[in-house]
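Residue numbers (the UniProt record's numbering): 1 to 391. By construction, the Cβ of each residue, glycine as well, lies at the ideal position given by its N, Cα and C atoms. What follows is a short report on a single structure.
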Ligand SMILES: [Fe+2]
């Protein structure tokens with residue numbers, strides 16, 4: 001869900017003639033969710049959006065998932081991973097996943113191919129670097145700290161800006177990804193208690209038109225990947241309007257909600273998908289009751305696996321665990337977790353946490369992808385007791 005937006009040239013009334021300079025008709029395409037019963041946009045193409053001249057198999061990167069067994073909390077060090085493919089789509093390495101969501105990581109310097117995820121929406125968090133995301137709706141300039149929400153089946157490509165490599169943390173849903181419904185009025189306006197609002201969301205502002213013939217589009221879909229070859233350039237949209245389009249939101253625009261005593265994780269929520277949520281922890285004043293304990297209590301999120309990705313600052317509750325920037329902690333449902341020994345005492349009297357982390361909580365267990373297995377430090381599970389199994 002996003003609010004109504006209008007870009008480029010559209011006719012005054014929907015489903016009426018919209019003519020090109022040569023007198024021919026533009027092709028109107030409705031892109032809509034939930035079978036014409038939810039958000040949609042109307043796009044006006046120079047060419048025919050359904051045209052293809054070839055289709056062949058795209059062998060996806062390794063999508064193998066391995067159960068988290070024996071069941072333990074894990075520390076995955078994403079900055080230790082190596083990347084052969086240098087682009088933000090083909091170079092993604094799968095870290096964690098289940099039937100609802102897959103999390104992958106890429107470090108890239110080269111543009112991706114044209115790409116479309118037909119499985120679900122993507123939320124790509126930019127840890128470092130900057131890029132242009134070129135889409136059929138127009139371009140988005142994105143950089144460090146941005147969440148880039150790309151609706152299902154949006155044709156787009158990533159073009160890193162150069163300089164520092166682009167580090168992207170891709171959360172690929174099997175569903176849609178949207179602001180939590182409790183932040184919205186029944187008609188979809190952000191409510192006063194929401195930690196962000198319409199002004200914080202950046203959408204395309206003008207059409208992106210390109211010329212080309214026989215262009216390849218890499219399509220990820222249920223059961224694998226396909227490369228479609230389209231006769232004309234897919235960026236042929238002269239205008240569109242509606243409530244369904246890609247947009248960016250920067251984590252620094254999230255206004256944290258704080259309290260006298262510890263606030264539960266839902267106050268940190270930023271997006272929701274089916275069977276998972278995305279939350280973020282941002283620099284903030286902390287609990288100000290005179291006897292408050294600013295770090296979290298131990299908790300058994302019995303219905304969730306919790307994935308925390310540490311992107312900036314210093315994460316108070318994990319001090320002494322080896323976790324640092326670029327780390328993931330995986331706290332599986334079925335096992336309690338909480339501060340490292342000494343962290344609760346150490347936090348007493350602290351007034352500000354300078355920490356930035358992106359959290360995904362899933363309501364079904366997560367399995368480990370090849371990059372999750374490759375980056376596991378193998379020691380984190382014993383960090384609360386201070387000793388592991390005898391060697
Ligand atoms: Fe937690």
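With H, G and I counted as helix, E and B as strand and the rest as coil, what does DSSP make of residue i?
i: residue 110; result: coil
i: residue 384; result: coil
i: residue 88; result: coil
i: residue 375; result: helix
i: residue 251; result: helix
i: residue 9; result: coil
i: residue 62; result: coil
i: residue 116; result: strand
i: residue 15; result: coil
i: residue 202; result: strand
i: residue 79; result: helix
i: residue 232; result: strand
i: residue 20; result: coil
i: residue 74; result: strand
i: residue 93; result: strand
i: residue 192; result: coil
i: residue 370; result: helix
For residue i, which beta-bridge partners are listed by DSSP?
i: residue 135; result: 138 and 156
i: residue 170; result: 104 and 124
i: residue 41; result: 31 and 242
i: residue 197; result: Residue 197 pairs with nothing; no bridge assigned.
i: residue 269; result: 279
i: residue 130; result: 143
i: residue 57; result: 226
i: residue 221; result: 224
i: residue 150; result: 122
Output needed for residue i: all residues of its chain with C-beta closer than 6 Å, excluding positions within five of it in sequence on either side, in chain order.
i: residue 312; result: 356
i: residue 331; result: 73, 306 and 337
i: residue 39; result: 1, 33, 243 and 244
i: residue 112; result: 87, 88, 89, 157 and 158
i: residue 120; result: 152, 173, 174 and 175
Please return the same chain residues whose Cβ sits closer than 7 Å to the Cβ of residue i, not counting the five positions on each side in sequence.
i: residue 375; result: 76, 77, 78, 80 and 81
i: residue 373; result: 66
i: residue 234; result: 114, 136, 155, 215 and 217
i: residue 141; result: 132
Spatial neighbours of residue i within its chain, please: CB distance less than 8 Å, with the 5 preceding and 5 following residues excluded, ordered by chain position.
i: residue 10; result: 18, 42, 44, 239, 240 and 241
i: residue 317; result: 295, 296, 338, 339, 340, 343 and 347
Mind checking if residue i is an interface residue toward chain B, Cβ cutoff 8 Å exclusive?
i: residue 227; result: The chain inventory of the structure shown lacks chain B, comprising one protein chain alone.
Discussion item. Pairs of beta-carbons, one from the segment 140 to 160 and one from the segment 64 to 78, closer than 8 Å: are there three or more?
Written reply: Two segments are said to touch when three or more pairs of C-beta atoms, one from each, lie closer than 8 Å; by this definition the segment 140 to 160 does not touch the segment 64 to 78.
Discussion item. To test your reading of the DSSP string, which unbroken alpha helix (DSSP H) runs of 4 or more residues are found completely within the segment 275 to 361?
Written reply: Runs found: 343 to 347.
Discussion item. Between the segment 18 to 25 and the segment 197 to 217, can you find at least three pairs of beta-carbon atoms closer than 8 Å?
Written reply: Contact between the segment 197 to 217 and the segment 18 to 25 is absent, with fewer than three C-beta pairs closer than 8 Å.
Worksheet entry | Segment contact flag, the segment 60 to 68 with the segment 264 to 279, C-beta cutoff 8 Å, min 3 pairs | With a cut-off of 8 Å, the segment 264 to 279 and the segment 60 to 68 do not count as touching, because too few Cβ pairs lie within range.
Practice prompt. Determine, using beta-carbon pairs with one atom in the segment 90 to 109 and one in the segment 182 to 199, whether at least three such pairs fall under 8 Å.
Written response: Too few Cβ pairs lie closer than 8 Å, so no.
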